[in-house]
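A.B. asks: Before anything else, here's the structure in question.
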Amino acid sequence: MAEITMGGNPVHTEGDLPAVGEKAPAFTLTRSDMTTVTSDDLAGQRLVLNIFPSVDTGVCAASVREFNSRAADLEGTTVLCISADLPFAQARFCGGEDLNDVVMGSVFRNPEVLSDYGVRLADGKFAGLAARAVVVVDAEGTVVHSQLVPEIGTEPDYDAALATL
Numbered sequence: 069m070a071e072i073t074m075g076g077n078p079v080h081t082e083g084d085l086p087a088v089g090e091k092a093p094a095f096t097l098t099r100s101d102m103t104t105v106t107s108d109d110l111a112g113q114r115l116v117l118n119i120f121p122s123v124d125t126g127v128c129a130a131s132v133r134e135f136n137s138r139a140a141d142l143e144g145t146t147v148l149c150i151s152a153d154l155p156f157a158q159a160r161f162c163g164g165e166d167l168n169d170v171v172m173g174s175v176f177r178n179p180e181v182l183s184d185y186g187v188r189l190a191d192g193k194f195a196g197l198a199a200r201a202v203v204v205v206d207a208e209g210t211v212v213h214s215q216l217v218p219e220i221g222t223e224p225d226y227d228a229a230l231a232t233l
């Protein structure tokens, strides 16, 4: 269990992020077109997992936009934006913003992904949603960067995450 803050108030996750050097947990997510995407589908690629509470909040939306703008230059890398938003909301957001360089992934059918990655919020007004985190995985499936953002209302360290690629 990790403690972070939300608006300065302590909140807790139900576990811990995978550590650098560990194998990344397997996942199954639902894309914005209602098809599934799994870790097996992306095997052999580098992954940037941008995990956040909801694309309908300002900081979460900003992180998707920022990773989308940087993703086009990341050869052999998939940027996967993960939240509990329904795929319809993710599609609406990306379509309205013309964001095509990230893959959206909803946990609505597979909420265990949040627990497997140690980001499910255990308490606070966002309980059940994801904490803000970035996990970078190399082509062999090993975690090479792991950041649980200490304040949910703060953007992740994009430069540190992408420098590990």
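69 is the number of the first residue of the sequence shown in this note's numbering; add one for each residue after it. Backbone N, C-alpha and C define an ideal beta-carbon position, used for all residues, glycine too.
1) Nearest CA to the CA of aspartate 101: which residue from Arg133, Gly173, Leu142 and Gly126?
2) For leucine 78, which residues does DSSP report across the bridge?
3) Within 10 Å of its beta-carbon, does alanine 231 have 16 or more other beta-carbons around it, so buried, or fewer, so exposed?
4) Whose C-beta lies closer than 8 Å to the C-beta of serine 218 among residues of the same chain, with five residues either side of it excluded?
5) How many angstroms separate the CA atom of alanine 160 from the CA atom of proline 121?
6) Going residue by residue through the stretch 110-139, where are the continuous beta strand (DSSP E) segments of at least 3 residues, counting only ones entirely within it?
7) Going by beta-carbon coordinates alone, are alanine 92 and valine 202 separated by less than 9 Å?
8) Tell whether a beta-carbon distance below 9 Å holds between arginine 114 and glycine 144.
9) On a Cα-Cα basis, can you pick out the residue from Cys149, Tyr226, Phe176 and Ala199 that is closest to leucine 85?
10) Once the 5 residues before and after glycine 192 are set aside, which same chain residues still bring their CB inside 6 Å of it?
11) For serine 137, is the classification buried or exposed, using 16 other Cβ atoms within 10 angstroms of its Cβ as the cut-off for buried?
C.D. replies: In brief:
1) Gly173
2) Position check: residue 78 holds proline in this sequence, whereas leucine was assumed. Partner(s): Thr73.
3) exposed
4) Checking the sequence shown, residue 218 turns out to be proline, not serine. Ile72 and Thr73, listed in sequence order.
5) Sequence inspection shows arginine at residue 160; the alanine mentioned does not correspond to that position. Their Cα atoms are separated by approximately 16 Å.
6) 114-119
7) no
8) yes
9) Ala199
10) Met74 and Val79
11) exposed
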